[in-house]
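The number in this note's numbering is simply the position in the sequence shown, starting from 1, with 19 added.
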Amino acid sequence: MNGPNANLTPWVTEKFISAAPAAAAKALGALATHEAVLLLKPLKAEYIIACLNPMEPEKAAAVLRRLPSRQSAYVLARLDLRQGAKVFAAFSVPQREKMKTLLPAPVLRALQDSASWPAGSAGALMSTDFLIFKTDARLTEMIEKLKLLPRKKLPAACLITARDGKLKGFIRTAELAFYAPSSTAGSVMTDAQGVAPQSPAAQAQGILDGGQPLVPVIDENGVPLGVLAEQNLLFAAPERKKRFGWF
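Structure, rendered in structure tokens:
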């Protein structure tokens with residue numbers, strides 16, 4: 020990694036992952052773990068996630084074990100749920116216990132419970148990468164946090180919960196500019212309809228078709244575990260392909 024081309028290495032690795040994430044995962048997976056870590060550690064999280072999603076879970080777990088703990092937890096929480104659950108299970112017991120202290124409670128619950136959710140269910144298809152704010156959060160606080168995200172990572176909406184974590188509503192990201200910055204999230208939010216993780220994907224699709232920008236997946240206490248958007252459901256049912264003319 021030393022020498023005149025050292026600064027090109029992260030750039031080349033990012034381009035490789037962007038162009039062919041599965042091939043990049045295979046190539047980096049064939050390296051010794053410390054070599055893969057040297058290539059991945061300097062990259063933005065979005066590239067590490069894209070590479071680890073198609074990687075063999077045991078190898079992905081070995082890579083995450085060697086990243087800084089908070090970086091590792093951030094990436095793990097944003098892997099595809101099925102992959103994240105397999106990677107989490109591949110950790111040693113001490114590593115799993117450490118991750119439990121770093122992962123948000125809803126993400127940890129999803130990783131532990133996902134094996135019990137049937138294929139094609141809301142829980143199996145949901146993403147655990149979403150933003151939550153409390154009802155008393157000021158819109159200025161929300162805007163400042165959103166400013167830190169890359170433009171392509173901006174969510175369609177942010178979830179709003181009560182102090183006890185129960186879902187209360189959502190705010191469309193594009194509408195934040197139309198409200199007074201001093202307003203609280205609870206005063207301008209729209210009521211949200213959620214689904215249980217065991218629910219069929221068609222139930223969530225019906226809510227999206229009704230105009231809600233994303234569908235929260237909530238546990239029995241009303242606490243969000245993840246979200247479903249059109250991209251999560253696009254290929255979940257054959258009728259969706261037919262509807263849009265994709266065969």
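A virtual CB, placed ideally from N, CA and C, is assigned to each residue, including glycine.
Residue span of the alpha helix (DSSP H) that contains residue i, given as start and end
| i | result |
| --- | --- |
| V106 | 100-109 |
| T52 | 52-59 |
| F197 | Counting along the chain, F197 falls outside any alpha helix (DSSP H), and DSSP gives it neither H nor E. |
| K78 | 76-84 |
| P40 | 40-48 |
| A96 | 88-97 |
| G208 | Position check: residue 208 holds Met in this sequence, whereas Gly was assumed. Premise fails: M208 is in no alpha helix (DSSP H) and is neither H nor E. |
| A64 | 64-71 |
| Q114 | 112-121 |
Bridge-paired residues (DSSP) for residue i
| i | result |
| --- | --- |
| P243 | I237 |
| I151 | L178 |
| R157 | T203 |
| P219 | S140 |
| S146 | V246 |
| V126 | Paired residue(s): none; V126 is not in a bridge. |
| V31 | Paired residues: none, contrary to the question. |
Endpoints, beta strand (DSSP E) assigned at residue i
| i | result |
| --- | --- |
| T180 | 176-180 |
| R191 | 186-191 |
Proximity below 8 Å, CB of residue i to CB of residue j
| i | j | result |
| --- | --- | --- |
| L59 | V82 | yes |
| L122 | L95 | yes |
| Q212 | I226 | yes |
| A55 | L47 | yes |
| L158 | A193 | no |
| P174 | F149 | yes |
| S146 | N251 | yes |
| A64 | Y93 | yes |
| G188 | M208 | yes |
Rounded straight-line distance, which links the Cα of residue j to that of residue i
| i | j | result |
| --- | --- | --- |
| A43 | D228 | 36 Å |
| P87 | L130 | 20 Å |
| R89 | A141 | 28 Å |
| D155 | L50 | 48 Å |
| S91 | V31 | 22 Å |
| A41 | G103 | 16 Å |
| M74 | L168 | 25 Å |
| L195 | I162 | 8 Å |
| V106 | Q114 | 11 Å |
| K119 | V126 | 10 Å |
| A134 | A143 | 8 Å |
| L244 | K164 | 20 Å |
| L247 | L186 | 15 Å |
| P138 | R85 | The sequence as given places Ala at residue 138; Pro does not occur at that position. Their Cα atoms are separated by approximately 32 Å. |
| S206 | K153 | 11 Å |
| L62 | N72 | 15 Å |
| F266 | L253 | Caution applies to F266, whose pLDDT of 28 falls short of 50 and renders its modelled position unreliable; the value that the coordinates give is listed next. When rounded, the distance between both Cα atoms is 12 Å. |
| G230 | D210 | 12 Å |
| V214 | K172 | 24 Å |
| S201 | R170 | 24 Å |
| R101 | L27 | 33 Å |
| K34 | Y66 | 9 Å |
| W136 | I36 | 30 Å |
Inset, instruction - Answer yes if the segment 106-118 comes into contact with the segment 204-218, meaning at least three C-beta pairs across the two stretches below 8 Å, and no otherwise. - result: no
Legend entry - Inter-stretch contact at 8 Å, needing at least 3 Cβ pairs: the segment 232-243 / the segment 169-188: yes
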